[in-house]
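Chemist: Please see the structure below; I have some questions.
Protein chains in written order, with the working numbering: chain D, -18 to 411; chain F, 7 to 387.
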């Protein structure tokens, strides 16, 4: 059987009303090929729930779960250097029946506080699917542990069972990592960037453009070195949401701290980047002077196009981009996009429609579809973007474009061009 | 505190162990989870996943599937996948913590699978709370009970059971319940030409430079036929006619014992060490007069212990394992027990996985690395 795919034309025609059920992970068994591993198990690469929970400065994590839930931490924590901040309270079957593991948590918190050389100020407790089914009230347990130890104890939830619910794990953990913020006197010069757990690139234009309009205190959790610094995020005049998965956290902060928020998307289409800054300026009542950045990115783009006038791309979803937006942007720059390997949601339809207009035969494969077990390489592309896309085209030039530190805006586009250029040069040199 | 791990991180769970045994056997393997357990198996515990194809799927359970026990829905998804596979050998349903909580009826799942799809259906009641060797043990037992019973030699049922003393067969003796018993030969092949079966040869159990091929070469020596259980269904079908079984990890003991009781196939317990690695990379001089602790899977640890004790009269060797114990190899149930064992043991040398160093703060002896995939998951080169 041929792997399931839709052409852009067909996908756009079906629209929201007939959105393909194959795009939903719960529709079928999930094929967790090496290419899709990060999608199916977010902790497999980059930030999963456990590593994300440690974004709170001066924190450690206690995972309360069956051993299997912590197994990937064995490898990842070593690779990413957070193994000394992870602790485990492993459950057995008696715990499942009696719930006795919950009673052990306060003492476990007390014991782990003595292990690191510097006493942690925050302990994040993470529970998993079994406690979701047991209906565990972790907030109450955390309060008890807090009373016993005097440190902040933060509940967090790695409920894979709820990944298609209103609060999937990567959304829930974003709420958890901001949950310690308390209301402070508002500072009109302060803004929080809510998006990822690592910072955005240092040279991202947002920082300079914001400073020029008086937003001088720009804070991100990934740059906060101490708990004290982190707590200062409570003075922000507003939050800027740079990733839709942070929307729930932003809602929570608005509700608890009266902190409004504005959303921005990450685009690689230079016109959209420009328009979005104009809209943001309008919403804030300021004018962002982005002309120099626009010019610089335009020049970089034109130079790249001059050197590489004709390229065919395949794009995956393990990438610092929305793969559909990226595909649309590349098509608008005159390149060909042959394949996109990603799970779409209805929110991607505007991009898919645009792709259909420019390249109706571009194929969208649903990487986790069981039919992908039969995927065999056909056709050729010059370059793949995304760690997963490289798996499908091992012979093509590969640009993983997947890092903890995040690209954004004009500088994000320029970084994509630089990394693509470097990969192409490497290929030439070989 | 029981269950609290402050220095070490979780070892490979039973789910991974079961899948490792099934990996190469051309079955449809469905892990009954939401996705994360499958991610752990494929991403971290199964080093072959990146280079070899196997039909491993996550059931993609969601909260309501679990709460409402929607087995029919899962079976429908399975039917869809069976429809795109070419002649799978079996359907294997592998448990995780979620089915443990909701008390999934595995017998019912097996019946549903067999009735609905007409395919041999294996169920592994793994929970994610036990360790990889328990998962392997379940898988081996399920496979021998399912397939050998239909083997061409049938059930020769010796009906004799003697007293067993756990030990390695270092002098060439076999470890059997009743070594006198020989299953009647039912085909024309003489006993000495029959294959040797090997239990417990998975990436979790092998030395990091070993492969199933190197193990087969050493086990068969002199060009005989050696089969690693887990490479094809056919090996299980023919297992009753095998000359003997070699158990190289405790996870294979229950299946080997079953094969002996039921079909009279004797078994030996020993890790066939490569030439020159008998002392885990140490020289005779280095072990003379030393007190050594070896921490690994029990059969490998015991094999090295025996080699060391045969090499030197002055060495003192203890063996311990976080997994199933065997012979003199004691079990370490908790991290605290390991710390205490080292604190009380006065060891000069500890041989074990590099991750164990984290729990050795304050110990000043010599640490010799002997990677154990089920502990640190160090990827094989």
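Glycine included, each C-beta is placed from N, C-alpha and C at the ideal position.
Under a Cβ-count criterion, where at least 16 other Cβ atoms within 10 Å of its own Cβ denotes burial, should residue 352 of chain F be classed as buried or exposed?
Modeler: Working through the second chain from its first residue, we reach residue 352 of chain F at position 346. Burial call: exposed.
Chemist: Tell me which residues of the stretch 324 to 356 of chain D have at least one Cβ-Cβ distance to chain F shorter than 8 Å, keeping chain order.
Modeler: The stretch 324 to 356 of chain D vs chain F, Cβ under 8 Å: 351, 352, 354 and 355.
Chemist: Return helix, strand or coil for residue 0 of chain D, following the three-state DSSP convention.
Modeler: Here residue 0 of chain D refers to the residue found at position 19 when the first chain is read from its first residue. Correct three-state label for residue 0 of chain D: coil.
Chemist: Taking Cβ positions, are residue 215 of chain D and residue 155 of chain D nearer each other than 9 Å?
Modeler: Against the first chain, residue 215 of chain D aligns to sequence position 234. Against the first chain, residue 155 of chain D aligns to sequence position 174. Against a cut-off of 9 Å, the Cβ pair of residue 155 of chain D and residue 215 of chain D comes out as no contact.
Chemist: Kindly list, in the order they appear in chain D, the residues whose Cβ is closer than 9 Å to that of residue 379 of chain F.
Modeler: As a working note, residue 379 of chain F is residue 373 in the second chain. Residues of chain D passing the Cβ test: none, with the nearest at roughly 11 Å.
Chemist: Could you tell me whether any Cβ in chain F is nearer than 9 Å to the Cβ of residue 39 of chain D?
Modeler: Locating residue 39 of chain D in the first chain gives position 58, counting from the first residue. Closer than 9 Å: no.
Chemist: Chain D partners of residue 87 of chain F, CB-CB under 7 Å?
Modeler: Within the second chain, residue 87 of chain F is the residue found at index 81, counting from 1. Here the neighbours are 10 and 351.
Chemist: With three or more beta-carbon pairs closer than 8 Å as the criterion, would you say the stretch 108 to 115 of chain D touches the stretch 3 to 12 of chain D?
Modeler: At 8 Å Cβ cutoff, the stretches do not touch.
Chemist: Answer with buried or exposed for residue 55 of chain D, where buried requires no fewer than 16 other C-beta atoms within 10 angstroms of its C-beta.
Modeler: One-based indexing of the first chain puts residue 55 of chain D at position 74. That one is buried.
Chemist: In the DSSP assignment, what are the bridge partners of residue 221 of chain D?
Modeler: Along the first chain, read from residue 1 onward, the residue named residue 221 of chain D stands at position 240. The partner list for residue 221 of chain D (beta bridge, DSSP) reads D:174 and D:243.
Chemist: Is residue 198 of chain D helix, strand or coil when you go by DSSP?
Modeler: To locate residue 198 of chain D, count along the first chain from 1; it is residue 217. It is a strand residue.
Chemist: Would a check of beta-carbon distances place residue 62 of chain F closer than 9 Å to chain D?
Modeler: Along the second chain, read from residue 1 onward, the residue named residue 62 of chain F stands at position 56. Yes, residue 62 of chain F lies at the interface with chain D (some Cβ there is under 9 Å from its Cβ).
Chemist: Considering only their Cβ atoms, is the gap separating residue 273 of chain F from residue 284 of chain F smaller than 9 Å?
Modeler: Indexing the second chain from 1 puts residue 284 of chain F at position 278. Indexing the second chain from 1 puts residue 273 of chain F at position 267. No, they are not a contact pair.
Chemist: Quick check on residue 43 of chain F: does DSSP put it in helix, strand or coil?
Modeler: The residue you call residue 43 of chain F lines up with position 37 of the second chain. Helix at residue 43 of chain F.
Chemist: I want to verify the contact list: residues of chain D whose CB lies under 9 Å from the CB of residue 352 of chain F, in sequence order.
Modeler: Residue 352 of chain F sits at position 346 when you count from the first residue of the second chain. None at all; the shortest Cβ gap to chain D is about 25 Å.
Chemist: Got a sec: which bits of the stretch 121 to 138 of chain F sit with their beta carbon under 7 Å from any beta carbon on chain D, in order along the chain?
Modeler: The stretch 121 to 138 of chain F vs chain D, Cβ under 7 Å: 133, 134 and 135.
Chemist: Taking residue 428 of chain D as the query, report the chain F residues whose CB atoms sit under 8 Å from its CB, ordered along the chain.
Modeler: Outside the modelled stretch of chain D, which goes from -18 to 411, sits residue 428 of chain D, for which no answer is possible.
Chemist: Span of the alpha helix (DSSP H) holding residue 82 of chain D?
Modeler: The residue labelled residue 82 of chain D in the question sits at position 101 within the first chain. Where residue 82 of chain D is concerned, the enclosing alpha helix (DSSP H) stretches over 81 to 94.
Chemist: By the criterion of Cβ-Cβ separation under 8 Å, what are the contact partners of residue 56 of chain F in chain D?
Modeler: As a first step, residue 56 of chain F is located in the second chain; it is residue number 50 there, counting from the start. Under the 8 Å cutoff, chain D gives 15.
Chemist: Going by other Cβ atoms of all chains shown within 10 Å of its Cβ, with 16 needed for buried, is residue 78 of chain D buried or exposed?
Modeler: Here the question's residue 78 of chain D lines up with position 97 in the first chain. Under this definition residue 78 of chain D is an exposed residue.
Chemist: Looking at chain D, is there any beta carbon in it that lies within less than 9 Å of the beta carbon of residue 309 of chain F?
Modeler: What you label residue 309 of chain F is simply residue 303 of the second chain in a count that begins at 1. Chain D, which has no Cβ nearer than 9 Å to the Cβ of residue 309 of chain F, makes this no.
Chemist: With 9 Å as the threshold, decide whether the Cβ of residue 209 of chain F is near any Cβ in chain D.
Modeler: Residue numbering aside, residue 209 of chain F sits at position 203 when the second chain is read from its first letter. Judged by the 9 Å Cβ criterion, residue 209 of chain F is not in contact with chain D.
Chemist: Report, in whole angstroms, the separation of the C-beta atoms of residue 125 of chain F and residue 97 of chain F, which I expect to be a contact under 8 Å.
Modeler: Working through the second chain from its first residue, we reach residue 125 of chain F at position 119. Working through the second chain from its first residue, we reach residue 97 of chain F at position 91. Right, their Cβ atoms sit about 5 Å apart.
Chemist: Among the residues of its own chain, which have a CB less than 6 Å from the CB of residue 204 of chain D, if the five just before and after it don't count?
Modeler: Here residue 204 of chain D is taken as the residue at index 223 of the first chain, counted from 1. Hits under 6 Å: 180.
Chemist: Which of the three DSSP states, helix, strand or coil, is assigned to residue 179 of chain D?
Modeler: Indexing the first chain from 1 puts residue 179 of chain D at position 198. Three-state DSSP puts residue 179 of chain D in coil, outside helix and strand.
Chemist: At 9 Å on the CB atoms, spell out the chain F contacts of residue 146 of chain D, in chain order.
Modeler: The sequence position of residue 146 of chain D within the first chain is 165, counting from 1. Those are 68 and 69, listed as they occur along chain F.
Chemist: Short of 9 Å Cβ to Cβ, which residues in the stretch 315 to 329 of chain F face chain D?
Modeler: Taking 9 Å as the Cβ-Cβ cut-off against chain D, none of the residues of the stretch 315 to 329 of chain F qualify.
Chemist: Indicate whether the contact test is met: 3 or more Cβ pairs, each with one atom in the stretch 351 to 371 of chain D and one in the stretch 8 to 19 of chain D, closer than 8 Å.
Modeler: The stretch 351 to 371 of chain D vs the stretch 8 to 19 of chain D: in contact.
Chemist: Please report how far the alpha carbon of residue 364 of chain F lies from the alpha carbon of residue 13 of chain F, in whole angstroms.
Modeler: Residue 364 of chain F sits at position 358 when you count from the first residue of the second chain. Residue 13 of chain F sits at position 7 when you count from the first residue of the second chain. Computed Cα separation, rounded: 6 Å.
Chemist: Can you tell me the Cα-Cα spacing of residue 74 of chain D and residue 265 of chain D, whole angstroms?
Modeler: Mapped onto the first chain, residue 74 of chain D falls at position 93. Mapped onto the first chain, residue 265 of chain D falls at position 284. About 54 Å.
Chemist: Please confirm if the stretch 140 to 154 of chain F is in contact with the stretch 35 to 43 of chain F, defined as three or more CB-CB distances below 8 Å between the two stretches.
Modeler: Too few Cβ pairs lie closer than 8 Å, so no.
Chemist: What does residue 89 of chain D reach in chain F if we use C-beta pairs closer than 7 Å?
Modeler: Walking along the first chain from the start, residue 89 of chain D turns up at place 108. In chain order: 7 and 10.
Chemist: Please check the pair residue 131 of chain F and residue 146 of chain F, which I expect to be a contact at CB under 8 Å, by giving their CB distance rounded to whole angstroms.
Modeler: Indexing the second chain from 1 puts residue 131 of chain F at position 125. Indexing the second chain from 1 puts residue 146 of chain F at position 140. Not confirmed; about 14 Å, so no contact.
Chemist: Leaving aside the five residues before and after residue 160 of chain F along the sequence, list all residues of the same chain whose C-beta is less than 6 Å from its C-beta, in chain order.
Modeler: Residue mapping note: residue 160 of chain F aligns to position 154 of the second chain, counting from 1. The predicted model places residue 160 of chain F with a pLDDT of 47, which falls under 50 and marks its position as unreliable, so this point remains unresolved.
Chemist: For residue 302 of chain F, count neighbouring C-beta atoms within 10 Å of its own C-beta (all shown protein chains included) and say buried if the count is 16 or more, exposed if not.
Modeler: The residue labelled residue 302 of chain F in the question sits at position 296 within the second chain. By the neighbour-count rule (16 or more Cβ atoms within 10 Å), residue 302 of chain F is buried.
Chemist: If you measure from the beta carbon of residue 0 of chain D to each beta carbon in chain F, is any gap under 9 Å?
Modeler: On the first chain, position 19 is the one that residue 0 of chain D refers to. Not closer than 9 Å to any Cβ of chain F, the Cβ of residue 0 of chain D fails to qualify, so no.
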